[in-house]
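Data first, discussion second: the structure below is written as structure tokens.
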Amino acid sequence: MSVTERIEELRSLLAPARREGRSIGFVPTMGYLHAGHLTLMQRAREENDVVVASIFVNPLQFGPKEDYQRYPRDLARDAELAREAGVDFIFAPSVEEMYPQEMLAQVDVARITDRLEGAARPGHFRGVATVVAKLFNIVQPDRAYFGQKDYQQLLVIRRMVRDLSYPIEVVAVPTVREEDGLAMSSRNSYLNPQERQAATVLIRALRLGRERIESGERNAQRVRTAMQELIAQEPLARLEYLSIADPETLREQETITAPAFLSLAVFIGKTRLIDNLLIETL
Ligand code: AMP
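Written out as structure tokens, the structure reads:
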């Protein structure tokens, strides 16, 4: 496995594979790898001749009051884990390598970015779409792997790929969870032991919502209220948003219909966590 921080070097490293018509799978990450990331990498390994992973904490996708500076970083550990998962090339550029000058060209995906994470984090998806577009142009993969944990991001990337005709297959990978249901996230490392306990409130609320729907509740507002009440019982939790929406348009549902997309963002202390569940059939 080789690690490079240079765009031109990565291009030269990938040139022989491309010439020989070998397929390239790509896993973009912000590093501080956990089992969720590794599942994406293993899947890429199974489905491609060459696997590239990027590790880049992208300043464009963080708001001014967010955790860009304190976001956890450990390239040496990440490189070892990625190697074990079967990654061939790690691309770990500096901010200067990716953004040597002000980014006058950026990618905006309209409408589906107005809601949920897009509403809570203005500019976030513009930063995501821009860095992924740039990474796609650098790596030129055949397939790219994204987690359903960041479901709206997956929608945004799929739409960008379609609208801008990237010749890339976007592969969605189910959310990997801790034993108690907490979705794996690099940000879980911020949690102290008490907060780590409290953080299970996200999946508990989602599962409660799913249960209510499975037992026949069709009034979306009643399901939201039940979920909100559960979260209100957790003193370390502060709900930012909670949604039951159409998984394509992300418009809120009044009457529950399948498929239904349940999602939420919750602060546990100072740590902002997100999670979601997709209900495919009623
Ligand atoms: P990040 O490093 O948080 O930007 O995540 C990089 C990729 O890993 C994204 O496609 C995420 O959706 C995916 N990912 C993060 N956490 C998980 C998880 N718990 N399960 C599956 N995929 C994940």
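For the sequence shown, the positions run 4 to 285 when my numbering is used.
Just so you know, even glycine gets a beta-carbon here, dropped at the ideal spot from N, CA and C.
Item                                                                                                                                                                     : Value
Taking a contact to mean a Cβ-Cβ separation below 8 Å, would you say residue 236 touches residue 245 in this structure?                                                  : no
If you follow the beta strand (DSSP E) that residue 192 is part of, which residue opens it and which one closes it?                                                      : From DSSP, residue 192 is part of no beta strand (DSSP E); its letter is neither H nor E.
Shortest alpha-carbon distance to residue 182 belongs to which of 38, 65, 110, 247?                                                                                      : 38
Please list, in chain order, all residues of the same chain as residue 259 whose beta carbon is under 6 Å from its beta carbon, the five residues on each side excluded. : 216, 221, 223
Please report the straight-line C-alpha distance between residue 208 and residue 274, rounded to a whole angstrom.                                                       : 18 Å
Can you tell me where the beta strand (DSSP E) with residue 265 in it begins and where it stops?                                                                         : 263-271
Between which two residues does the beta strand (DSSP E) holding residue 279 run?                                                                                        : 274-282
Mapping DSSP to helix, strand and coil, what is residue 132?                                                                                                             : helix
Tell me the rounded alpha-carbon separation between residue 206 and residue 189.                                                                                         : 17 Å
Can you list the alpha helix (DSSP H) stretches of 4 or more residues lying completely in the segment 67-124, in chain order?                                            : 78-87, 98-101, 119-123
Please list, in chain order, all residues of the same chain as residue 142 whose beta carbon is under 6 Å from its beta carbon, the five residues on each side excluded. : 29, 55
Alpha carbon to alpha carbon, what distance is there between residue 97 and residue 234?                                                                                 : 39 Å
For residue 142, name the three-state secondary structure that DSSP assigns.                                                                                             : helix
Provide the residue span of the beta strand (DSSP E) that contains residue 241, from first to last.                                                                      : 240-248
State the DSSP-derived secondary structure class of residue 258, mapped to helix, strand or coil.                                                                        : strand
Grab the span of the beta strand (DSSP E) containing residue 31 for me, first residue to last.                                                                           : 27-32
Determine the extent of the alpha helix (DSSP H) in which residue 198 is found, giving its start and end residues.                                                       : 196-201
Does the Cβ of residue 11 have 16 or more other Cβ atoms within 10 Å, making it buried, or fewer, making it exposed?                                                     : exposed
Is residue 163 near ligand 1 - that is, is its Cβ less than 7 Å away from at least one heavy atom of it?                                                                 : no
List the whole-angstrom C-beta distance separating residue 6 from residue 95, where the pair is believed to meet the contact cut-off of C-beta under 8 Å.                : 6 Å
Where residue 247 and residue 40 are concerned, what is the direct C-alpha to C-alpha distance, given to the nearest angstrom?                                           : 26 Å
Residue 82: beta carbon under 7 Å from a heavy atom of ligand 2?                                                                                                         : Of the ligands this structure carries, namely ligand 1, none is ligand 2.
Taking DSSP as the reference, what is the three-state secondary structure of residue 58?                                                                                 : strand
Quick one: give me the first and last residue of the beta strand (DSSP E) that residue 175 is part of.                                                                   : 172-176
Is any heavy atom of ligand 1 found at a distance shorter than 7 Å from the C-beta of residue 97?                                                                        : no
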